[in-house]
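Chains as they are written, first to last, in our numbering: chain Z, 125 to 222; chain E, 18 to 304.
By construction, the Cβ of each residue, glycine as well, lies at the ideal position given by its N, Cα and C atoms.
This structure is a prediction, so every number in the text was calculated from the model and none was measured.
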C-alpha cells in the first residue's frame, strides 16, 4: 500500500490500519525547516519520542489513541507546542509554523 | 569519577577539534546522519553493522572490536569523545560498549548532535581518514552488563530501573513512538521496576541535568541508593543513557545495563510481567 502524503515521508511497508500515526511538516514563513527537532509528549506532558525533521521538514510518529503534544525545537527559535489527537488506523496531519 | 572526567561541553569540543590524542566518534540510530554532516574530523561507528554480531544476538567479539577500532584509527591511549542523535542514546550505548571492552578514556559530548545543531555549529560532509592503529581490547567487563537470569533474580531485591516512556512501561506502546508499534513480544514491564524515563535525566536540548537534580529524580522514583541497580529499556540503548547517569555522573558503585532489555524479557517463557502504571509486586501481581 502506498499511503505517502503529498511530498511527505513514505508509508510503504507500514500497516497503517494498526498504527496511530502523527505526521507533518515544520515550516518557517512557508519554507520547510530541515534542521528542527520534534518531540512527542504524552497526555501528562511526559516525553515519549523525538525525531529530527527530514530535509523537507517532515516528521512522523507512531503514537497511540489519545491526545498528544508536539514540541518543536529549531535553531534561532523558541519551542512551539501543538496539540494533536491520534487514533489507531488513521493519520493525523499537522503543519507546525515556527 | 566526576562529571568533568566523563562529559565535555560543546564549547570544549569546538576548542579541541583536531587536537592530537582526541578522537571524535559519531554513533546514531539513523546511520545515514553522519554522511549528511558530522563534526569536523569525527569518525563514524554504525551501532548495528559495527557493534552487533551479524548472526547471533550479541556484541562483536573482542578480536572484532580490536579490528574495528584499529581500522578507524583509534589508539588505546586516545581520548574518545562520543556524540550522536536521539539525545546521545546510541553514543551512550557506545560509551558503555567502550567501557565493556576496557577503553580507559571515554567521554560524551553533552547534548550530542542535537545541541550542536541547535547551537548552529558547523557540520561537514568531508570524508575523514585516520591512520590505522593496533588496538588492544580487554575481556568484557561483566560487572556493567546484566544477563536475563540475574535480571529475574533481581526482581524484588535490586533496583530495576525501566527507562522507557510511561506508555511503554504501562504496556500501552510497544516501542518508542518514532518506530512502528507492531512487535512480537508481550507488553508491560518487569515486576518491581521503577519507571524513570531516560528523558527525565536530560534537558530539552539533550544536555544532562545537574547532579543534584538527577539525584532527586531517582530518589523520588524510589531508587534505593544502598542497593545494586540494573537499568533496562527496549534494546539497551536508552538504558545506557541512564547507566551513564547512575554510574558515571552520580558515581553509584554497582550499576549494570541489561542490553537484552524488553525485547528479550518480554519474550521469555514463564517470567512475571506487570501491565499498567504501578510497579507491581515481585510475583507479578498488579499493585
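Whole-angstrom distance between residue 298/E and residue 154/Z, CA atom to CA atom: The straight-line gap from Cα to Cα measures roughly 53 Å.
Residue 183/E, DSSP secondary structure in three states: DSSP places residue 183/E in helix when its eight states are reduced to three.
Straight-line Cα distance separating residue 234/E from residue 262/E: About 11 Å.
Answer yes or no: does any C-beta atom of chain E fall closer than 7 Å to that of residue 129/Z? Because residue 129/Z carries a pLDDT of 45, less than 50, the predicted location of this residue cannot be relied on, and no value is offered for it.
Exposed or buried, what is residue 99/E when buried is set at 16 or more other beta-carbons lying within 10 Å of its beta-carbon? By the neighbour-count rule (16 or more Cβ atoms within 10 Å), residue 99/E is buried.
Between the segment 161–172 of chain Z and the segment 168–178 of chain E, are three or more C-beta pairs nearer than 8 Å? No, the segment 161–172 of chain Z does not touch the segment 168–178 of chain E.
Could you have a look at residue 109/E and say whether DSSP puts it in helix, strand or coil? The answer is helix: DSSP assigns residue 109/E an H, G or I state.
Residue 175/Z at chain E interface by Cβ criterion, 7 Å: Residue 175/Z counts as touching chain E.
Are the CB atoms of residue 135/E and residue 45/E within a distance shorter than 7 Å? Taking 7 Å as the Cβ cut-off, residue 45/E and residue 135/E do not qualify as a contacting pair.
If we define contact as Cβ-Cβ less than 7 Å, is residue 131/E a contact residue for chain Z? At least one chain Z Cβ lies under 7 Å of residue 131/E.
Cutoff 7 Å: residue 180/Z Cβ touching any chain E Cβ: Judged by the 7 Å Cβ criterion, residue 180/Z is not in contact with chain E.
Please classify residue 185/E as buried or exposed, where buried requires at least 16 neighbouring CB atoms within 10 angstroms. It is buried - the Cβ of residue 185/E has at least 16 other Cβ atoms within 10 Å.
Sorted by chain position, which residues of the same chain lie with C-beta nearer than 6 Å to residue 23/E's C-beta, five sequence neighbours on each side aside? Cβ contact annotation for residue 23/E (same chain, cutoff 6 Å, sequence separation greater than five): 124 and 265, in chain order.
Burial state of residue 189/E (16 or more Cβ within 10 Å): Its Cβ being crowded by 16 or more others within 10 Å, residue 189/E is buried.
Output yes if chain E places a C-beta closer than 7 Å to the C-beta of residue 217/Z; else output no. With a threshold of 7 Å between beta carbons, residue 217/Z makes no contact with chain E.
So with Cβ pairs under 7 Å, would you call residue 295/E a contact of chain Z? Among the CB atoms of chain Z, none fall inside 7 Å of the CB of residue 295/E.
Residue from 31/E, 68/E, 203/E and 54/E with nearest C-alpha to residue 117/E: Per the Cα distances, 68/E.
Entirely enclosed alpha helix (DSSP H) segments - the segment 135–179 of chain E, minimum 4 residues: Fully enclosed alpha helix (DSSP H) runs of no fewer than 4 residues occupy 165–171 of the segment 135–179 of chain E, in order along the chain.
Might you give, ordered along the chain, the residues of its own chain that have their beta carbon closer than 6 Å to the beta carbon of residue 215/Z, omitting 5 neighbours on each side? Contacts found: 145.
Going by DSSP in three states, residue 262/E sits in which element: helix, strand or coil? Residue 262/E carries a helical assignment under DSSP once its states are collapsed to helix, strand and coil.
Let me know the secondary structure DSSP gives residue 65/E once reduced to three states. Three-state DSSP puts residue 65/E in coil, outside helix and strand.
Segment limits, alpha helix (DSSP H) that includes residue 32/E: Per DSSP, residue 32/E belongs to the alpha helix (DSSP H) from 27–32.
List the residues of chain E whose Cβ lies closer than 8 Å to the Cβ of residue 170/Z, in chain order. What residue 170/Z touches in chain E: 182, 183, 214 and 216.
Quick one: using the 10 Å Cβ neighbour count with 16 as the cut-off for buried, is residue 113/E buried or exposed? It is buried - the Cβ of residue 113/E has at least 16 other Cβ atoms within 10 Å.
Is residue 215/E closer than 7 Å to residue 165/E when the C-beta atoms are compared? Contact flag unset, no.
Would you kindly check if the distance between the Cβ of residue 187/E and the Cβ of residue 102/E is under 7 Å? Taking 7 Å as the cut-off, the Cβ atoms of residue 102/E and residue 187/E do not count as close.
Would you report the Cα separation of residue 232/E and residue 219/E, rounded to the nearest angstrom? CA-to-CA, the gap between residue 232/E and residue 219/E works out to about 13 Å.
Residue 109/E versus residue 26/E - alpha carbon distance: Those two C-alpha atoms are separated by around 15 Å.
Less than 7 Å between CB atoms is the rule here; does residue 126/Z satisfy it with respect to chain E? Low confidence applies to residue 126/Z: its pLDDT is 37, below 50, so where it sits in the model is not reliable, and the reading given next is rough at best. Residue 126/Z is outside the set of residues whose beta carbon lies under 7 Å from a beta carbon in chain E.
Residue 225/E - partner residues in DSSP beta bridges: Answer is 219/E, bridged to residue 225/E.
Would you mind working out which of 249/E, 247/E, 72/E and 130/E sits nearest residue 48/E, comparing C-alpha positions? The shortest Cα separation from residue 48/E among 249/E, 247/E, 72/E and 130/E belongs to 130/E.
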